[in-house]
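These notes concern the structure reproduced below.
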Amino acid sequence: MEVRLAKPEEVLSGITPVSHYFGSVPTEETARRFSQVLRSERMHVAEEDGQIVGGASAFEFQFTVPGAIVPATGVTIVGVLPTHTRRGILTQLMRAQLDDAYERGEPVACLWASEETIYGRYGYGMAALCGETEIKRVYGSFRRPVEHGGAFRLLSHEEALEAIPPVYARVAAETPGMFARSREWWEARALHDSEARRDGAGEMVRVVLERDGQGLAYAIYRLKMDFEAGSSTGEVRVIEAMGVSPAATAGIWRYLLDVDWMDRVQADLLPVDHPLFFLLEHPRRLRFRIGDSLWLRLVDVGAALAARSLVGDVVLEVADAFCPWNEARYSLAGAKTMEDADLQLDVSDLASVYLGAFTFAQLQRAGLVDELNEGALARADAAFRTDRAPWCPEIF
Ligand SMILES: CC(C)(COP(=O)(O)OP(=O)(O)OC[C@H]1O[C@@H](n2cnc3c(N)ncnc32)[C@H](O)[C@@H]1OP(=O)(O)O)[C@@H](O)C(=O)NCCC(=O)NCCS
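Just so you know, we're using the working numbering here: the sequence shown kicks off at 29 and counts up by one.
In structure tokens form, the structure reads like this:
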């Protein structure tokens with residue numbers, strides 16, 4: 029069994045192992061769309077007896093972390109055929125991928141885990157949360173009227189490709205956990221209306237909120253119409269909605285909650301600090317369910333700390349069994365130091381506080397960090413504090 033980089037003509041074979049678990053055989057069209065956003069130099073495959081039995085790939089992200097935008101490995105298309113599992117193939121793929129990311133100078137890697145049990149052993153930590161909700165429109169009233177001063181416009185696919193990306197780009201640049209999307213990403217992924225994703229709902233609908241020709245907010249959604257005893261049980265299924273300002277965000281959610289004839293609005297992958305909690309007159313009705321979203325790996329701990337521009341006087345001693353080049357004591361500026369450590373923790377747990385989703389105090393209450401000098405936890409939390417929860421609105 030050999031783990032190696034895929035050849036350009038092997039993209040289809042590299043996708044096949046993970047597709048197996050979705051119950052599908054990828055087509056040339058699937059491979060073509062992946063090739064628009066994924067370079068074959070970033071696809072590792074495991075080959076045995078001439079057959080590709082496993083794969084792991086990496087998107088090349090410009091990824092927002094608190095205070096900076098850094099190059100990041102966006103881990104994707106990870107799978108090993110069921111005929112070859114539990115023989116260490118994933119471990120070899122992760123080894124090759126993380127070594128490659130380190131050599132390329134990508135300080136962090138991120139992913140959505142199919143199962144939470146898989147990636148901790150490779151130094152990934154749960155680093156962002158997201159929430160899902162279903163709001164009955166009868167409980168969709170806001171506490172205050174929304175004043176966005178704009179107008180809504182439904183968009184064709186081509187119009188959406190022009191109108192939506194600038195809004196997303198503004199939000200992504202200031203939201204830890206988001207990454208820049210290329211034109212190809214919008215075409216092949218975010219605005220790609222695949223039949224397979226409709227799940228009984230209608231075509232993708234795109235709407236923008238604009239003022240003076242400038243996009244302020246957008247939503248991408250589908251309508252799923254249904255009836256019970258003659259009355260609508262129809263659903264607005266939100267794929268993505270965001271705005272560049274509080275008024276614009278409120279405006280787009282007001283729009284979604286005001287689609288007539290629908291019974292409810294369903295949304296997932298929402299930020300856990302969503303303004304809806306304060307916009308709605310009935311926040312309890314959100315019945316917000318929270319789960320893990322992004323998992324993060326500090327590929328180069330020093331570079332990752334330096335990028336966050338942390339200010340403060342704390343020495344972190346980091347253990348990293350899978351990437352031993354990281355094992356050292358660090359100042360918050362990211363420099364390796366010989367000074368005594370204030371806090372000791374594993375690299376996967378440092379990843380959990382890195383984007384701001386969790387605190388060192390939370391780690392300590394779970395027994396995951398040792399405070400060697402009193403007050404160090406509080407100083408570290410003050411340095412890492414962010415004013416918003418990390419948010420990744422898209423599974424990749
Ligand atoms: C997850 C998957 C890639 C693992 O591949 P694999 O080649 O069997 O993994 P390895 O043999 O390298 O396993 C390494 C370790 O992880 C553990 N492990 C692997 N998959 C696991 C899982 N799904 N749940 C719990 N533990 C798992 C193994 O038990 C092994 O532990 P050990 O080192 O203590 O013995 C494979 O099971 C798969 O393709 N699953 C379905 C698709 C999927 O979930 N892909 C991930 C998308 S994010």
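We put the CB at the ideal spot given by N, CA and C, even for glycine.
Where R357 is concerned, the enclosing beta strand (DSSP E) starts and stops at 356-358.
Taking the Cα of A369 as reference, the smallest distance to any Cα among S222, R357, S376 is reached at R357. When the Cα atoms are used, E131 and V346 turn out to be separated by approximately 20 Å. For L314, there is no enclosing alpha helix (DSSP H), as DSSP gives it neither H nor E. Only exposed fits W353, as fewer than 16 other CB atoms lie within 10 angstroms of its CB. G107 has its Cβ nearer than 7 Å to a heavy atom of ligand 1. Contact between the stretch 271-278 and the stretch 129-147 is not established, with fewer than three Cβ pairs separated by less than 8 Å. With a cutoff of 8 Å on beta-carbon distance, G82 and L109 are scored as near each other.
Each residue's CA atom was taken as its position, placing F412 and A208 some 23 Å apart. Of the residues V98, V106, R60, the one whose Cα lies closest to the Cα of F50 is V106.
Judged by DSSP secondary structure, G42 falls within the alpha helix (DSSP H) whose first and last residues are 39-49. If you draw a straight line from the Cα of P173 to the Cα of G384, it is about 31 Å long. Between F424 and G159, the alpha-carbon positions lie close to 17 Å from each other. A distance below 7 Å between beta-carbons, with the five flanking residues on each side excluded, links R217 to the following residues of its chain, in chain order: V65.
Within the stretch 88-145, the runs of beta strand (DSSP E) that reach at least 3 residues and sit entirely inside it are, in chain order, 96-108, 136-140.
Rounded to whole angstroms, the separation of the alpha carbons of F89 and V73 is 21 Å. Counted as a single uninterrupted DSSP element, the alpha helix (DSSP H) harbouring D409 occupies residues 404-412.
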